[in-house]
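To start, the structure under review is shown below, and the notes come after it.
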Amino acid sequence: MKKSMIVMASGLVLMSAAANAALPTTQAAETLTWKGLVPFSVATDDLMITGDLGGPIRAGFLNVEKDGTFSSTAINVEAHDNTGDAASPAAGDPIAGDVVWGLASYAIDASTTDMSGANVKFVADGSALDIGTPLTEDYALAVNVSNDLAITDIAPGERIQVSAVVTAELPILP
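If you're matching positions, the sequence shown starts at 1 in the UniProt record's numbering and goes up one per residue.
If you want it as structure tokens, here you go:
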């Protein structure tokens, strides 16, 4: 019985110490976030979009400021010959010559804040990439996104995500 009381008292002291140690006033905290996206791609019988060297497209990262403005790392995409077919694409060689790139759509999402007032800009290899405006480049493209307009009601800890649909097609030759 005496040993049980000692063990129980020791347990209570340890639980109390752990509870008090959980939030010391000298401890800083930061939220770490990981996100994943199931890959989705639409290929044609002749053409497909890949990541670097024909591999998977890697996600970019947003550097979000306290006022909701942000910049990003580049997402690299490449246009490759499709040696398979539209249903079962297989990356062949990079497209030789020009590719007409486009931005079909994009979405910006925040966990609790309305981001419709954001001034979202896409830049591909230093040129603006706008919806409805084709951009002729070679087979490889590095795409960045940014917002340079402060969002007045953004809260600390807000999670922001941007997704975009980029297209590639071969130019129509005369």
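Heads up, the beta-carbon is just placed ideally off N, CA and C, and yes, glycines get one too.
Quiz item: Does the beta-carbon of residue 11 have 16 or more other beta-carbons within 10 angstroms, so that it is buried, or is it exposed?
Solution: Here the question's residue 11 lines up with position 11 in the sequence shown. For residue 11, the predicted structure reports a pLDDT of 49, less than 50, and the residue's modelled location is therefore unreliable. A value from the coordinates is still provided. That one is exposed.
Quiz item: Hey, how far is the Cα of residue 79 from the Cα of residue 125?
Solution: Counted from its first residue, the sequence shown places residue 79 at position 79. Counted from its first residue, the sequence shown places residue 125 at position 125. Whole-angstrom Cα-Cα distance: 15 Å.
Exercise. Starting from the Cα of residue 136, find the closest Cα among 118, 100 and 164 and give me that residue.
Key: The residue labelled residue 136 in the question sits at position 136 within the sequence shown. Ranking the options by Cα distance to residue 136, first place goes to 100.
Quiz prompt | Among 105, 152 and 139, the one whose alpha carbon lies nearest that of residue 133 | solution = Within the sequence shown, the letter at position 133 stands for residue 133. Out of 105, 152 and 139, 105 has the C-alpha closest to the C-alpha of residue 133.
Exercise. Pick out whichever of 86, 159, 141 and 122 has its Cα sitting closest to the Cα of residue 114.
Key: Translated into positions along the sequence shown, residue 114 becomes position 114. Considering only alpha carbons, the answer is 159.
Quiz item: Hey, quick one: how far does the beta strand (DSSP E) through residue 122 stretch, first residue to last?
Solution: By one-based count along the sequence shown, residue 122 stands at place 122. Note, residue 122: beta strand (DSSP E), 120–124.
Practice problem: Inspect the beta-carbon positions of residue 75 and residue 60 and report whether they are closer than 7 Å. | Solution: Taking the first residue of the sequence shown as 1, we reach residue 75 at position 75. Taking the first residue of the sequence shown as 1, we reach residue 60 at position 60. For residue 75 and residue 60, yes; Cβs fall inside 7 Å.
Quiz prompt | Same chain, Cβ closer than 6 Å to residue 15, neighbours up to 5 away in sequence not counted | solution = Position 15 of the sequence shown, counted from the start, is the residue given in the question as residue 15. Note that residue 15 has pLDDT 47, beneath the 50 cutoff, so the model's placement of it is unreliable and the number below is only indicative. So no residue of the chain qualifies.
Self-check item: Contact under 7 Å by Cβ, residue 147 with residue 118
Solution: If you number the sequence shown from 1, residue 147 lands on position 147. If you number the sequence shown from 1, residue 118 lands on position 118. Yes, Cβ-Cβ distance for residue 147 and residue 118 is below 7 Å.
Self-check item: Enclosing beta strand (DSSP E) for residue 94 [first to last residue]
Solution: Counting from 1 along the sequence shown, the entry for residue 94 is found at position 94. That run of the beta strand (DSSP E) goes 91–94.
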